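Enquirer: The opening position of the sequence shown corresponds to residue 8 in this note's numbering, with each subsequent residue numbered one higher.
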Amino acid sequence: MKETAKSHVTFVIIAGIARSLLNVMMDRKWEGTEKLPAGGFIAAPNHCTEIDPLIVGHMLYNQKRAPHFLAKASLFKVPVLGWVLRATKQIPVERSTAGANRSLQLAQEIVAEGGAIVIYPEGTLTRDPGLWPMKGHTGAARLALEGGIPVVPIAHWGAHEVFPRYAKSFHLFPRKRSRLVVGPPVDLSAFEGRPLDKATLTGATEAIMKDITALLAGIRGEEPPAERWDPSAHNQSKHGRKMQKGSADVIADDSNALGSDPTDPPRGAE
8 MKETAKSHVT FVIIAGIARS LLNVMMDRKW EGTEKLPAGG FIAAPNHCTE
58 IDPLIVGHML YNQKRAPHFL AKASLFKVPV LGWVLRATKQ IPVERSTAGA
108 NRSLQLAQEI VAEGGAIVIY PEGTLTRDPG LWPMKGHTGA ARLALEGGIP
158 VVPIAHWGAH EVFPRYAKSF HLFPRKRSRL VVGPPVDLSA FEGRPLDKAT
208 LTGATEAIMK DITALLAGIR GEEPPAERWD PSAHNQSKHG RKMQKGSADV
258 IADDSNALGS DPTDPPRGAE
């Protein structure tokens, strides 16, 4: 499944537009890009604003690594957008077992070709009041352990000042700076060869979240909370623009949007 001419040209066009817009919106500083593996890998960033995929995608594309995001399957049926997603080999995510298996197969093919798959382990924008990484879903860990794929932690900070979480408008002035740091691949050796049960996947996921959080703490120059935020413990929904369960004014569901984690049933990743 090599990159086609259509895929390459589409990526070039989209990247040109996105980079121009991002360069206008904010300054940027990237660190640790030399730590990206030569072969395929899973990029695991923190998630605090809707424009995060643009930030991470910008960095990866500039390192000559075309980003491939997980996207909910329904987006592939939207006119124009669906064509773009298919042309650039983004990965459709479905809830059925057969659909999940197809997503996994496509992801493994992309990695085998040396591609980069972006998965947000939190599954949605963080619910943590301080925008620290919250409890993660297990999709990235499952894919990594099943396929022997390195997971690269990424943390970034600043884009939320340009477009705050669930905002309706951009805040361009005064000019902001987005800072992004790439860490070395997460050490998952303690979990290799073990059954992919709840204990294994939860432990591997926490190792990933720990590395992401440490990178973000370095950027912010602050200590993260002693305990990771768990939406279920605070009566919060795992997905959607309104965070409280039972909210009557839910605007939209952002579950399985670009880069989110496809770990809900039926695969039993939790």
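All residues carry an ideal CB built from backbone N, CA and C; glycine is no exception. For clarity, every value in this text was computed on a predicted model and none was experimentally measured.
Does the distance from the C-beta atom of Ile62 to that of Ala166 stay below 8 Å?
Expert: Their beta carbons are under 8 Å apart, which means Ile62 touches Ala166 by this criterion.
Enquirer: Among all the DSSP beta bridges, which residues are the ones paired with Phe76?
Expert: Val125, per the DSSP bridge assignment.
Enquirer: At the level of alpha carbons, what is the spacing between Lys245 and Val158?
Expert: If I take the Cα positions, the gap works out to 23 Å.
Enquirer: Do Pro74 and Val16 have their C-beta atoms within less than 8 Å of each other?
Expert: For Pro74 and Val16, no; Cβs fall outside 8 Å.
Enquirer: Kindly indicate which residue of Arg182, Glu199, Glu57, Ile161 has the alpha-carbon position closest to the one of Gly39.
Expert: For the residues Arg182, Glu199, Glu57, Ile161, the minimum Cα distance to Gly39 belongs to Ile161.
Enquirer: Can you tell me which of Gly122, Leu77, Gly143 puts its alpha carbon nearest to the alpha carbon of Gln70?
Expert: Here the closest residue by C-alpha is Gly122.
Enquirer: Looking at the strands, I want to know which residues DSSP matches up with Arg186.
Expert: According to DSSP, Arg186 bridges with Lys36, Trp164.
Enquirer: Does Arg35 have its Cβ less than 8 Å from a Cβ in chain B?
Expert: This model lacks chain B altogether; it includes just one protein chain.
Enquirer: Can you check whether the CB of Val169 is closer than 8 Å to the CB of Leu222?
Expert: No, the Cβ-Cβ distance between Leu222 and Val169 is not below 8 Å.
Enquirer: Looking at Trp164: is its Cβ nearer than 8 Å to the Cβ of Ile215?
Expert: Cβ distance not < 8 Å, so Trp164 and Ile215 don't count as in contact.
Enquirer: Decide if the stretch 171–187 is in contact with the stretch 33–48; the criterion is three or more beta carbon pairs, one per stretch, under 8 Å apart.
Expert: At 8 Å Cβ cutoff, the stretches touch.
Enquirer: In the DSSP assignment, find the unbroken alpha helix (DSSP H) run with Pro60 in it and report its ends.
Expert: Pro60 -> alpha helix (DSSP H) spans 59–69.
Enquirer: Residues bridged to Pro99 by DSSP?
Expert: Note: Pro99 sits in a beta bridge opposite Ala78.
Enquirer: Please report the residue range of the alpha helix (DSSP H) in which Ala50 lies.
Expert: Not the alpha helix (DSSP H): Ala50 falls in the beta strand (DSSP E), residues 48–52.
Enquirer: When the Cα atoms are used, what is the spatial distance from Asn53 to Ser81?
Expert: So the alpha carbons of these two residues sit roughly 24 Å apart.
Enquirer: If you measure between the beta carbons of Leu150 and Leu111, is that distance less than 8 Å?
Expert: Yes, the pair counts as a contact, with Cβ atoms nearer than the cut-off.
Enquirer: If you draw a straight line from the C-alpha of Ala255 to the C-alpha of Asn242, how long is it?
Expert: At Ala255 the pLDDT is 41, less than 50, meaning the model places this residue with poor confidence and gives no usable figure here.
Enquirer: Flag this pair as yes or no: are the beta carbons of Thr207 and Gly143 separated by less than 8 Å?
Expert: It is not a contact, given that the beta carbons lie outside the stated cut-off.
Enquirer: Look up Val193 in the DSSP assignment and say whether it is helix, strand or coil.
Expert: Residue state, collapsed to three classes: coil.
Enquirer: Ordered along the chain, which non-local residues of its own chain (more than five positions away) have a Cβ less than 7 Å from that of Thr220?
Expert: Same-chain partners within the cutoff: Trp139, Pro140, Pro231.
Enquirer: Output the distance between the C-alpha atoms of Ile21 and Tyr173, rounded to the nearest integer angstrom.
Expert: About 24 Å.
Enquirer: Using alpha carbons as the reference points, say which of Glu129, Thr145, Val85 lies closest to Pro238.
Expert: The residue with the shortest Cα to Cα distance from Pro238 is Glu129.
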